[in-house]
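Per the working numbering, the sequence shown starts with residue 367, numbered consecutively. No residue lacks a Cβ here, since even glycine has one placed at the ideal position from N, Cα and C.
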Amino acid sequence: MNVLFITSNRLGDAVLSTGLLDHFIGQNPGLRLTIACGAVPAPLFREIPEVDRIIILEKRPLSGHWFALWGQTVSTFWDLVIDLRASAISWMLPTRARRILDTAASRGPTHRVEQLGSVLSLSDSPSPRIWLGEAQRTRAGELMPGGHPVLAVGPTANWGGKQWQSERFAEVISRLTAKGAPLSGAHVAVFGAPDERDMAQPVTDSVPPERRVDLVGNDDLLVTAACLEQADLYIGNDSGLMHIAAAMGVPTLGLFGPSREVHYAPWGRNCDYVRTAKSYEEIVGDPDYDYRHHDTWMDTLSVDAVEQAAVALWQRTRDSKASAGAAR
Numbered sequence: 367m368n369v370l371f372i373t374s375n376r377l378g379d380a381v382l383s384t385g386l387l388d389h390f391i392g393q394n395p396g397l398r399l400t401i402a403c404g405a406v407p408a409p410l411f412r413e414i415p416e417v418d419r420i421i422i423l424e425k426r427p428l429s430g431h432w433f434a435l436w437g438q439t440v441s442t443f444w445d446l447v448i449d450l451r452a453s454a455i456s457w458m459l460p461t462r463a464r465r466i467l468d469t470a471a472s473r474g475p476t477h478r479v480e481q482l483g484s485v486l487s488l489s490d491s492p493s494p495r496i497w498l499g500e501a502q503r504t505r506a507g508e509l510m511p512g513g514h515p516v517l518a519v520g521p522t523a524n525w526g527g528k529q530w531q532s533e534r535f536a537e538v539i540s541r542l543t544a545k546g547a548p549l550s551g552a553h554v555a556v557f558g559a560p561d562e563r564d565m566a567q568p569v570t571d572s573v574p575p576e577r578r579v580d581l582v583g584n585d586d587l588l589v590t591a592a593c594l595e596q597a598d599l600y601i602g603n604d605s606g607l608m609h610i611a612a613a614m615g616v617p618t619l620g621l622f623g624p625s626r627e628v629h630y631a632p633w634g635r636n637c638d639y640v641r642t643a644k645s646y647e648e649i650v651g652d653p654d655y656d657y658r659h660h661d662t663w664m665d666t667l668s669v670d671a672v673e674q675a676a677v678a679l680w681q682r683t684r685d686s687k688a689s690a691g692a693a694r
C-alpha cells in the first residue's frame, strides 16, 4: 500500500498528527509512506520504518510549494492520499482514495487530535507519538543528569504574545525545586530552538549552575524528544515543544493566553493546562490586540496559579503511578 501523508509546516500541528499516522501504520502492516511537511517538523518522521521518503514543503510565492509537491508526486499512482492541509493538490493526484481534513469542522470547540481522528472516522482519538532510535536515546543519556529528578521548562514561543514572562518562569522554578517542594533539589533542563537563545537566557541564568541543564539550541529534534522523555515534569508555553513533551508521556503543563486551549491543550492523561485570568476571547477582543506585535499577553497568568497547577499535576501523576504499581 503506497500512501501520501500531507501534514503541517508547523511543529505543533505536525506532532498532533502523529497519532493518526501511528494508528494508520498499525492497521496497515507493510505499507509504504511518503510524508510531505515543513522543514521544522520533518525530523519527526525520520525514524519511522515505514517511511520511504520525506518531501519538505518550502513556502513559495503564489503557492509555488504546492506545484512543486505536485511535480514530485504526480508520477506515482497512490493507494491513498491523506491530506491534513485540505489542499487542492489532493484532487490533482492519481489515487484510489482520498481522506481530507474538514477545515470547517476545525473551527468548532474540538481538540485538534479529535479533529484529525475524524479524517479516518475514528471513534477513539489516537494519541501523538514520537519515534526514536537508539542513537537519540544514547545522546540524551549523555546530556541529561541520570539519577536526579528533572524539571523541564520551555520558556520560549513562536510569538511573543504567547510567552510567559521570564521572571515568572524563574520564580515558579525556584518554588517547585525549593527544600520541601515536590521537586526539591531537582535539576532544571531549559529547552528552546537555536534561534531562541535570547528568549530563554534569563530563565537559564536563574538556575544555579550545579543544577542547570542548558539544552537551548539543540538542533536535533529527536534528541530533544529523547531528553524530554527523561524529565519528571514539563512546564512550558503553548508551543511545539509542549506537544513533544506530552507525546513522550511526560507530565506536561501548558501555559495558555492568546491561543485556544480547547484546540491545543497538551494531549494525554498526564497533561493539564492553566490559562490567563483573561479568556482567549477577551484577549483577542482587546482594542490593543495586534498579532504583529510581540508584547506578551500572558500578564494575567500569575506565578501562584502556575505553581498550584503544577503541584496538582505532579501529585495526580504520582498517585496514578503508585496506584498502578499497587495493582501489579
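Excluding sequence positions up to five before and after R541, its CB lies within less than 8 Å of the CB of A547, V669 and E673, all in the same chain and listed in chain order. In this structure, A611 lies away from D638, with their beta-carbon atoms at least 9 Å apart. Note that the C-beta distance between I601 and V573 is not below 9 Å.
In the DSSP annotation of this structure, the continuous segment of the alpha helix (DSSP H) that includes T590 starts and ends at L587 to E595. Annotation: the continuous alpha helix (DSSP H) that includes R503 extends over E500 to L509.
With distances taken between CA atoms, R534 lies nearest to V569 out of L599, G512 and V569. If the five residues before and after M458 are omitted, its C-beta is found closer than 8 Å to the C-beta atoms of W436 and V440, all from its own chain and listed in chain order.
By the criterion of at least three beta-carbon pairs nearer than 8 Å, the region 386 to 398 is in contact with the region 467 to 486. Three or more pairs of CB atoms, one per stretch, sit closer than 8 Å, so the region 619 to 630 contacts the region 591 to 601. Between V381 and L410, the gap from beta carbon to beta carbon is short of 9 Å. For the pair Y630 and R478, the Cα-to-Cα distance works out to about 7 Å. Annotation for H514: no beta strand (DSSP E) segment contains it, and DSSP assigns it neither H nor E.
The three-state reading of DSSP puts R376 in coil, since its state is none of H, G, I, E or B.
By the Cβ criterion, the region 486 to 501 is not in contact with the region 515 to 526, since fewer than three pairs of Cβ atoms, one from each stretch, lie closer than 8 Å.
In this structure, the alpha-carbon of V628 lies about 16 Å from that of T469. For N368, DSSP records a beta bridge to R398. Contact check for I401 against T373 passes: the beta carbons are separated by less than 9 Å. In the three-state scheme derived from DSSP, where H, G and I count as helix and E and B as strand, A408 is classed as helix. Taking M608 as the centre and dropping the five residues before and after it, the same chain places the C-beta of G378, G520, Y600, G602, T618, G620 and P632 closer than 8 Å to its C-beta, in chain order.
The C-beta of H514 has fewer than 16 other C-beta atoms within 10 Å across all chains shown, which makes the residue exposed.
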